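The structure under discussion appears below in the form of C-alpha cells.
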Amino acid sequence: MTSPSRSALDAEHLDQFWNERARFIVGEYGEDEIAYHDNVARELARLQDVEAGDQVNLWFEYELFCSVNMWFCLSLLSGTRAEVYRVEPLGRDVEKRWDGFGGFTADEMRVAYELRTALSGEQAKLGAELWQAYRTKDHTLLKQLAAKCDTDCFPYLKEVAAAAAEEDIQPLEVVKEIRARGIGEFPEIFREFRKRAGVYGYGDTQVQKLLDQLDGK
Numbered sequence: 144m145t146s147p148s149r150s151a152l153d154a155e156h157l158d159q160f161w162n163e164r165a166r167f168i169v170g171e172y173g174e175d176e177i178a179y180h181d182n183v184a185r186e187l188a189r190l191q192d193v194e195a196g197d198q199v200n201l202w203f204e205y206e207l208f209c210s211v212n213m214w215f216c217l218s219l220l221s222g223t224r225a226e227v228y229r230v231e232p233l234g235r236d237v238e239k240r241w242d243g244f245g246g247f248t249a250d251e252m253r254v255a256y257e258l259r260t261a262l263s264g265e266q267a268k269l270g271a272e273l274w275q276a277y278r279t280k281d282h283t284l285l286k287q288l289a290a291k292c293d294t295d296c297f298p299y300l301k302e303v304a305a306a307a308a309e310e311d312i313q314p315l316e317v318v319k320e321i322r323a324r325g326i327g328e329f330p331e332i333f334r335e336f337r338k339r340a341g342v343y344g345y346g347d348t349q350v351q352k353l354l355d356q357l358d359g360k
C-alpha cells in the first residue's frame, strides 16, 4: 500500500474506501485504477475470507507508514477467527528502529519469522481500533489507545501515535528546516529527513512531494 492520504481514508464502507483509494492513487501517482483494484484491493480483501485455524503473518515495520497499514489489515481480520502473527524487524538498535527490515539478510529474515509474535483477539481488536482512530483523525483517541497499550506486539506505539497527530504539519516543517540550512540536493535532503522524521516512514516519493509543495508545484 502507498502512504495513506487522510482525504482518501474516511470512507464508511469498504467498497467506497477501495474506490476512493484507487482515485487517489491515479491522481497522485498516475497508476492504473483497474490495476489497483486487481493487484491491491482484491488481495487485501482476501483477509476477510480466511477461516478459523488459518495462519496470517503480517510482516510490518514500526514506523507510522507500516503501522497504519498493519492496523488496517487487523481491521479486515477482526471478523475472522484466523491465527494472526506479527513478524517484525527484531534486533535493531533503538536509534535504527525506523530502518525496519532494510539490510536484513535472508537468515535474519528467517529468524524474524521464527520469533514472530502471536496476536490475541484483544490485541487484534486494538489494532482495528487504532485504524478507526487514525482513519477519522481522532488524535485524542489514538493517543489514549497508545497510552493504555502494554503489549509487546506494538513497539513504539506512543511515538507513532504522537507522529500521526502531527502528520499534517510536521513533515513539511522538517523539510522547511532542512532547506533553511542550505541543503538543496535531494539525496541529502532525503537522508536528513530520514534522520529527523524517520517515524513517518516516508519514501523518496513522499519527500519529493513535500518539496514540490514548498515550491508551489
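Sequential numbering of the sequence shown, starting at 144, is according to this note's numbering.
Using N, Cα and C, we set each Cβ at its ideal position, and we do this for glycine too.
All of these numbers come straight from a predicted model, not from anything done at the bench.
Whole-number beta carbon distance between residue j and residue i, since they are thought to touch under 8 Å
i: residue 286; j: residue 306; result: Contact doesn't hold; Cβ gap of about 11 Å is too wide.
i: residue 274; j: residue 217; result: 7 Å
Own chain partners of residue i with C-beta closer than 8 Å, once the 5 adjacent residues on each side are dropped
i: residue 205; result: 231, 232, 240, 241, 243, 298, 299 and 303
i: residue 228; result: 198, 199, 200, 201, 259, 260, 261 and 262
i: residue 193; result: 199, 220, 223 and 225
i: residue 357; result: 315, 318, 319 and 322
Per DSSP, the bridge partner or partners of residue i
i: residue 202; result: 230
i: residue 262; result: 227
Own chain, CB closer than 6 Å to residue i, minus 5 neighbours either side, in chain order
i: residue 289; result: 300, 301 and 304
i: residue 332; result: 321 and 326
i: residue 351; result: none
i: residue 265; result: none
i: residue 257; result: none
Contact check, residue i vs residue j, beta carbons under 9 Å
i: residue 187; j: residue 208; result: no
i: residue 225; j: residue 196; result: yes
i: residue 347; j: residue 329; result: yes
i: residue 345; j: residue 314; result: yes
i: residue 267; j: residue 210; result: no
Close beta carbons around residue i, own chain, < 7 Å, minus the five adjacent residues each side
i: residue 272; result: 288
i: residue 339; result: 317
Proximity test, residue i beta-carbon vs the ligand NAP heavy atom, cut-off 8 Å
i: residue 198; result: The ligand NAP is not among the ligands present in this structure, which contains no ligands whatsoever.
*Fully enclosed by the segment 260-332, which alpha helix (DSSP H) runs are 4 residues long or longer?*
Counting whole runs of 4 or more residues, the segment 260-332 contains the alpha helix (DSSP H) stretches 264-278, 282-291, 300-308 and 313-323.
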